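In what follows, a structure is listed as structure tokens, so that the remarks can point back to it.
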Amino acid sequence: MHSGNYLRPSAKWLTSSALAALPAIRSFDAIDLRVESGFPSPEVELTEEIHERDVVSWNRTIGRHAQHGCSMQGFNVYKEMVRRGIRENPSTFSSVINLCSNAGFFQEGLLLHGRVNFLGFLSNVFVGSCLVDFYMQLGSPDLALSLFHELPDRNTATWNVVFRGLSRCGRSEELWRLFNEMKSEGAVASSVTFSYLINGCCCNEEFLEQGRSLHSQAIKAGCMPSSLFVSNALVDFYSAHGCLLDARQSFEVIPAEDVISWNSIVSVHADNGFLLEALEFFNRMRLWDKKPSVRSFAAFLTSSSRAQNLPFGKQVHAFVLKLGLDRSSVFIQSALIDMYGKCCDIHGSVQVFDEITERNTEGCNALIGAFLQSGLVDDAIEMFRFMVDEGIRPDEVTFSLVTKALSLSAEACTSNCQLLHGSLIRSGFESNDTVLCSLIAAYSRSGQIELAHQILMQIPAPNSVCYTAFISGCARNGMGREGLEMLEVMIHKGLKPDAITFLSVLAGCDHSGLVEEGRAVFKTMKDGYEIEPDQRHYSCMINLLGRAGLLKEAEKMLELAPDGADSVMWSSILKSSRVHGNTDMGRKAAKALMELEPENPVVYSHILSFYSEIGDVKSQNEVRDSMETKKISKGLGYSLVDVHCSNFYIPLQ
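For the sequence shown, counting from 1, position 339 maps to 339 in the working numbering; every step adds exactly one.
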């Protein structure tokens with residue numbers, strides 16, 4: 001701390017007094033020292049002090065700013081250079097374009113592209129490579145590839161820029177095609193080339209053989225086992241494809257493992273559920289005095305979540321606290337919240353969130369997910385309100401979670417849905433299909449089927465999930481015919497309905513009493529689309545037939561259920577028997593339900609009501625005796641009344 005303060009005055013003295021006595025080349029050192037010392041606004045002052053104001057000195061100034069993270073100052077130097085009429089060279093553009101790529105100055109980068117084209121440097125391999133990298137980082141790989149193919153000369157470094165960008169985009173097939181093109185042009189692949197190519201094969205499960213081929217070629221090229229880049233990429237590649245033995249062998253042949261290697265092999269085993277092996281490598285890593293990274297701890301926490309191993313998760317949490325990662329890593333904070341939530345310890349999730357000093361989107365999303373995991377959908381919605389009040393910007397994950405919560409919650413009132421919808425539009429996610437599908441479900445649940453339909457119509461190319469969400473909303477609101485019409489529209493557009501779509505249509509037919517239409521849909525599902533109905537589809541049909549008084553047909557349908565008759569189906573039969581006065585069928589259903597749900601108080605309540613309605617006092621007393629023997633009591637019910645999005649729970653006496 002003190003040495004930095006003492007250096008600043010001397011830096012200022014050197015650049016203001018002694019510079020005049022030094023040769024022009026010494027002014028480069030003054031630039032470096034001025035930037036490193038943090039002296040304010042150095043760009044214009046220093047260029048005034050440079051005796052030979054040529055392009056080299058300007059490039060040096062820009063480069064040093066970029067090196068020390070002063071991106072805006074570096075770009076301002078470039079603008080001053082152009083203003084003074086100093087003509088750029090390839091080195092200038094390479095520095096400034098890289099500066100824009102690293103700092104996210106995308107608008108400035110686009111302007112530079114035009115300047116490069118105007119001055120005729122577009123064919124320069126160095127400038128062209130920088131532009132290719134810029135567009136890759138901008139998220140426009142097609143434009144980057146177009147520029148790449150226009151370059152007259154392409155060296156290995158240029159190919160590597162393309163491979164890195166495509167690897168990050170997950171475009172494995174194009175990556176492989178360009179690698180073959182590179183070999184046909186006679187370019188030599190380096191260890192960096194192989195590392196990018198192997199990483200690109202990780203995201204495509206069909207590229208196992210291509211990855212093995214790259215492994216062989218890397219060995220032939222002398223890049224294995226000496227290159228840590230290639231070795232670490234191979235560990236990740238084999239892990240992604242479930243080949244743990246190959247991943248372990250790739251790790252074991254590394255002559256001098258680095259921190260990345262150790263953390264990779266630990267994460268590989270933890271991610272694939274081999275917790276003991278992961279701990280073994282973790283302990284070996286510590287014996288070799290290698291520091292565990294966020295990646296290792298995140299993998300351990302994910303493994304704990306999958307196995308719902310709360311004790312181990314707490315041990316990992318203790319280690320994280322010891323290293324201070326709970327405060328420095330947003331990723332760890334989110335993983336901890338998620339771990340406690342999936343291990344059914346929602347209090348642990350809330351405690352971790354409360355200890356975060358700087359609230360962030362990732363942490364809020366993790367807690368919303370934990371609430372949903374625990375079935376606390378109203379708390380998930382309340383958490384979203386907290387985000388809005390605190391000014392925390394929601395992202396795509398936030399909206400997906402909250403719209404799902406609204407579609408499940410008793411609080412899915414219109415004003416809540418509209419609040420979420422408005423926030424979604426302001427945040428720029430109004431075109432996200434996943435979020436909009438959940439919003440359609442939320443509006444439908446609140447009874448606003450017209451608004452749900454408007455959202456569906458605003459989607460440029462709605463997929464089958466969007467249509468299914470709307471059809472489900474129609475079913476929920478008793479609009480079975482509208483659901484059938486939307487199914488026809490969906491099929492007419494060439495979209496294929498799935499099992500969930502047919503389930504939603506059948507539910508609509510059930511709620512609207514459309515028996516013939518329900519039969520037709522059930523038949524079409526099997527014969528037209530070769531989708532085998534499951535228990536849920538049979539339950540819908542049994543309920544539909546039972547409500548129509550077709551109890552014999554419903555019983556036959558019950559016998560055809562793939563997993564046999566369950567309590568939901570027999571409950572439908574009992575309910576329909578009570579409505580239509582079919583005593584024999586009702587007794588049969590009551591007997592079956594007591595065998596399937598011997599501890600369920602709701603079942604006993606329905607059976608008692610049935611026997612009371614038919615005047616069978618003896619059977620009523622037998623059921624009550626059975627309840628007393630098993631110590632089963634009827635719970636107190638309640639009604640939920642929603643007034644202006646405030647819920648009132650009224651107990652039923």
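All residues carry an ideal CB built from backbone N, CA and C; glycine is no exception. Predicted, not measured: the structure shown is a model, and the values here were computed from it.
Opening and closing residue of the alpha helix (DSSP H) in which residue i lies
| i | result |
| --- | --- |
| A499 | 499 to 512 |
| R665 | An answer regarding residue 665 cannot be provided, because it is not within the stretch 1 to 653 covered by the chain. |
| P141 | 141 to 150 |
| W159 | 156 to 169 |
| C343 | Counting along the chain, C343 falls outside any alpha helix (DSSP H), and DSSP gives it neither H nor E. |
| Y529 | Counting along the chain, Y529 falls outside any alpha helix (DSSP H), and DSSP gives it neither H nor E. |
| P460 | P460 -> no alpha helix (DSSP H), and no H or E assigned at all. |
| T357 | Where T357 is concerned, there is no enclosing alpha helix (DSSP H), given that its DSSP letter is neither H nor E. |
| Q418 | 414 to 426 |
| E382 | 377 to 390 |
| H317 | 310 to 323 |
| P601 | 601 to 614 |
| W570 | 567 to 580 |
| R84 | Here R84 belongs to no alpha helix (DSSP H), and DSSP marks it neither H nor E. |
| G483 | 480 to 492 |
| E553 | 551 to 560 |
| W58 | 55 to 67 |
| V397 | 396 to 408 |
| Q249 | 244 to 252 |
| E173 | 172 to 184 |
| V623 | 617 to 629 |
| T288 | Here the sequence assigns Trp to residue 288, which means Thr is not the residue at that position. Careful: W288 lies outside any alpha helix (DSSP H) and carries neither H nor E. |
Same chain only: Cβ atoms within 6 Å of residue i, ignoring 5 sequence neighbours per side
| i | result |
| --- | --- |
| H269 | E277, A278 |
| I25 | Unreliable placement is indicated for I25, whose pLDDT of 37 sits below 50; the coordinate value is still reported in the next sentence. For I25, where only same-chain residues beyond five positions count, there are no Cβ hits under 6 Å. |
| V377 | A405, L408, S409 |
| D379 | F371 |
| F312 | S304 |
| S167 | Y196, N199, G200 |
| A565 | L558 |
Residue closest to residue i, alpha-carbon to alpha-carbon, out of the options
| i | options | result |
| --- | --- | --- |
| E150 | S633, G128, L138, L376 | G128 |
| R547 | H537, F126, L574, V192 | L574 |
| V125 | N160, D345, P562, L420 | N160 |
| I459 | L451, V192, L436 | L436 |
| G170 | G186, S146, L197 | L197 |
| A469 | E108, F331, L456 | L456 |
| C474 | A157, S464, S512, M490 | S512 |
| S213 | F179, A187, L228 | F179 |
| S633 | S216, C201, L608, H537 | L608 |
| R587 | N600, G564, E613 | E613 |
| G348 | S328, G186, S374 | S374 |
| I425 | C70, Q67, G549, F399 | F399 |
| N360 | Q249, I346, S329 | S329 |
| A103 | T414, Q67, G428 | Q67 |
| S567 | G615, G549, K552, I542 | I542 |
| L208 | A189, W176, A221, Y443 | W176 |
Same chain, Cβ closer than 8 Å to residue i, five either side skipped, listed in chain order
| i | result |
| --- | --- |
| N272 | S239, G242, L244 |
| S571 | A589, L593, V603, H606 |
| S464 | M490, L495, K496, P497, D498, T501 |
| D345 | L310 |
| C540 | L503, L506, A507, C509, D510, G518 |
| S670 | Nothing in the structure corresponds to residue 670, since the chain is present only between 1 and 653. |
| E532 | K526, P562 |
| Q308 | K342, C343, C344 |
Cβ shell of residue i (< 7 Å), same chain only, five flanking positions each side left out
| i | result |
| --- | --- |
| K290 | V259, W262 |
| D527 | none |
| M383 | C364, L367, I368, F371 |
| S191 | C223, S227, F229, V230 |
| E45 | Because the pLDDT of E45 is 46, which lies under 50, any placement of that residue in the model is unreliable, and the question is left without a value. |
| M339 | L301, S304, S305, G313 |
Are the segment 508 to 521 and the segment 489 to 496 touching, with three or more C-beta to C-beta distances below 8 Å? Touching, no.
Tell me whether the segment 500 to 510 and the segment 465 to 485 touch, counting them as touching only if at least three CB pairs, one residue from each stretch, are closer than 8 Å. Touching, yes, given that three or more Cβ pairs across the two stretches are closer than 8 Å.
Touching or not, the segment 89 to 102 and the segment 53 to 67, by the rule of three or more beta carbon pairs under 8 Å? Touching, yes.
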